[in-house]
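K.L.:
Each residue of the sequence shown is one higher than the one before, counting from 1 in full-length UniProt numbering.
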Amino acid sequence: MAPRKSGALEGEEEAAFRKPCQHLLDFKAKKGAARAFKQLQSAGIINRKGSKQVLKCAVCRRTCSRLLACLVCANVGCWDSFPSSPNLSHAMAHAHLHPDHCLAIDLPRAELFCCVCADQVYDSDFDHFVICSQLPSFKHRPKRIVNGIRVELSNRRETRSNKKKQDCHFAKSLLSNHASQVNGEDSSLPSGLRGLNNLGNTCFMNCILQALLHIRPLQNFFLNDGHNRSICQEKGSHSCLGCEMHAIYSAAFSGDRSPFSPAQFLCSWWQHAANLAGYKQQDAHEFFISAIDGFHATLANAVKSGKSKSAGDGDCKCIAHHVFSGLLRSDVSCTVCGFSSTAHDPCIDISLDLEPSSAIADMILTNGHSGRSSRGAQTTAGANAGATLYGCLDRFTRPERLGHGEKFYCQNCKEPQDSVKQMSVKKLPLVLCLHIKRFEHSVFSNVSRKLDRYVQFPFSLSMASFLSSSVVRLRHGNRLVAEHDEVDVSCTEFELLAVVTHSGKLDSGHYITYLQLGGLWYRCDDSWVSKASEDVVRACQAYMLFYVQKDRTIDE
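1. If you reduce the DSSP assignment to three classes, tell me which class M423 lands in.
2. The beta strand (DSSP E) that contains M463, what's its start and end?
3. What is the DSSP secondary structure of R194, reduced to helix, strand or coil?
4. With DSSP as the reference, identify every bridge partner of Q22, one or two as the case may be.
5. Tell me where the beta strand (DSSP E) around Y514 begins and ends.
6. Quick check on the burial criterion: 16 or more other C-beta atoms within 10 angstroms. Buried or exposed for K414?
7. Can you list, in chain order, the residues of its chain with a C-beta nearer than 6 angstroms to that of H96? Leave out the 5 residues immediately preceding and following it.
8. Is the separation between the beta-carbon of M544 and that of A247 shorter than 9 angstroms?
9. Go to Q120, then tell me how far its beta strand (DSSP E) extends in each direction, as first and last residue.
10. Taking all protein chains shown into account, decide if V431 is buried (16 or more other Cβ within 10 angstroms of its Cβ) or exposed.
11. Express the C-alpha separation of T335 and R398 in angstroms, rounding to a whole number.
12. Can the beta-carbon of H214 be found less than 9 angstroms from the beta-carbon of G192?
13. Which value, in whole angstroms, describes the spacing of the CA atoms of C267 and T202?
14. Going by beta carbon distance, what residues of the same chain come within less than 7 angstroms of V536, once the five residues before and after it are set aside?
15. What does C114 pair with, by DSSP beta-bridge criteria?
16. With C-beta atoms as the reference, is L241 less than 9 angstroms away from H285?
17. From the DSSP secondary-structure annotation, give me the bridge partner or partners of F221.
18. Would R401 and F457 qualify as a contact pair, given that the criterion is a beta-carbon distance under 9 angstroms?
19. What are the start and end residues of the alpha helix (DSSP H) that includes residue 633?
20. Closer than 6 angstroms by C-beta to K163: which residues in its own chain qualify, once you throw out the five before and the five after it? Chain order, please.
21. Among A532, L506, G509, which residue has its Cα nearest to the Cα of V499?
22. Going along the chain, which residues of its own chain have a beta-carbon closer than 7 angstroms to the beta-carbon of L428, five neighbours each way excluded?
23. Just the Cα atoms here: how many angstroms apart are Q120 and I348?
24. Closest by CA to C115, which one among D525, K505, Y547?
25. Who are the Cβ neighbours of S424 in its own chain at under 6 angstroms, not counting the five residues just before and after it?
See the structure below:
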């Protein structure tokens, strides 16, 4: 679907669930979902309870953790044939060889998957077929109201009986419990941990919402009516992100463990970010920035002062900036006379380079900077600093020689001079979001690519050596500098809360989130939530990391 133009939604019900996948529409128009599903049932692919036959990939004959069954011919192919490049999987190869066979069933998850879109596809008819095959006696559906979120999945152009309109959320809950029993897993989950249904290429949104749902200050704000929907000044606009986030928190902590659909939140976000509207895959980091900006636009009204600060104001007291806002310091120094100009900029995250560019290769500078090391990360010229998160942070705060086209006008020399720029962290936020730049575009070759390089990251992070106080002191040969402010060392220690990962290609792929709750790790893959080991988390390819301050109460 093309991005939605700005303006009012044509209707809440219609906009909430526009058909997300044209391939699914075409398939249902030609063959019908019921017929295809029954073919898989007759082939023994679906509803295998009690079956002793073990499904294997039709090509490599392996019993993989993730198998896809073609909706057209029931061919079973593995998805993880080549973990570093899912595009080369045997399931994907089958879809490429037979263009009309692009839709499949993700067997472990009991979800539809489109091999062209490279993402889960949500369809209410499919949920109906699955739940009926698992529980034939299930006949009635509860009223479609989920904690204030009204979801309409029926297509007005189709007439369906009441039996076919079974509740997909309840179905997902039963399927999830069934899957847990089959896999021998504990189905109990911590409070607030629920799956989020993929509404059509919305994994980029789900992975960020899962992280936000478990940040304590945000929990306290929304669950204690910090932004009460009943008294919201924008309650008549149907596009308040604060109201919809309040609804999501209410749904998550309602006690219901079945997956739910953040449909109204998606519609509200579309209105806030019209240029990103539609069912195309979006970037999770871009969504995070956009969502925080949207929260600020609505939640700033909840500040008791009654006066909203601008989104770029580092002193904004809205809950979004109270939690995520930090302050970066930028020092630009003349290489001739040493004169420096200092600027401070608010930030809600820090983006880190994964690989050193040619311009960074000669960044090692004068004034005693000779390859500072953080936690054992080597950062001398030519060193492999990008192998660790500490190395990426060290590179971020390392002096960088600006190019000839970026000459700095020195107020002391009274003319443009070659200069050096150095970044540091002036103020740390309560929750530190670190973004690994895995997607890059070359202006010279006009080629975009994804960097699949692994970055080691710690579960406990110390930011002390990246503060302005430490960086400036080091630049002046460890001499005390009167101009900087001392920072409480206890505020520099952070603990990892969530890791967002991306698998797949640059223009398509899938996002999931790993969450640390109560000392245990959980894997949130849209509606599918399961336990994860520390080793699995440490080995994942991090795209975004959320750290919370350790030795400071952040519940306020």
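Positions of the beta carbon are idealized from the N, C-alpha and C atoms, including for glycine.
Since we're looking at a predicted model, the values are computed, not measured.
P.N.:
In short:
1. strand
2. If you look at M463, you'll find it isn't in any beta strand (DSSP E); DSSP assigns it neither H nor E.
3. coil
4. In DSSP, Q22 forms no bridge with anything.
5. Where Y514 is concerned, the enclosing beta strand (DSSP E) stretches over 509-517.
6. exposed
7. none
8. no
9. 119-121
10. Only buried fits V431, as 16 or more other CB atoms lie within 10 angstroms of its CB.
11. 16 angstroms
12. yes
13. 12 angstroms
14. Excluding sequence neighbours, V536 sits near nothing in its chain.
15. According to DSSP, C114 bridges with L103, D119.
16. no
17. Residue pairing of F221 in beta bridges, as defined by DSSP: absent, with no partner found.
18. no
19. Residue 633 is absent from the model: the chain starts at 1 and stops at 556.
20. Because K163 carries a pLDDT of 37, less than 50, the predicted location of this residue cannot be relied on, and the following value inherits that uncertainty. Within the same chain, K163 has no close Cβ partners at all.
21. A532
22. G326, M463, C491, T492
23. Spanning the two alpha carbons is a distance of roughly 30 angstroms.
24. For the set D525, K505, Y547, the Cα lying nearest the Cα of C115 is the one of K505.
25. R329, T397, S468, V471
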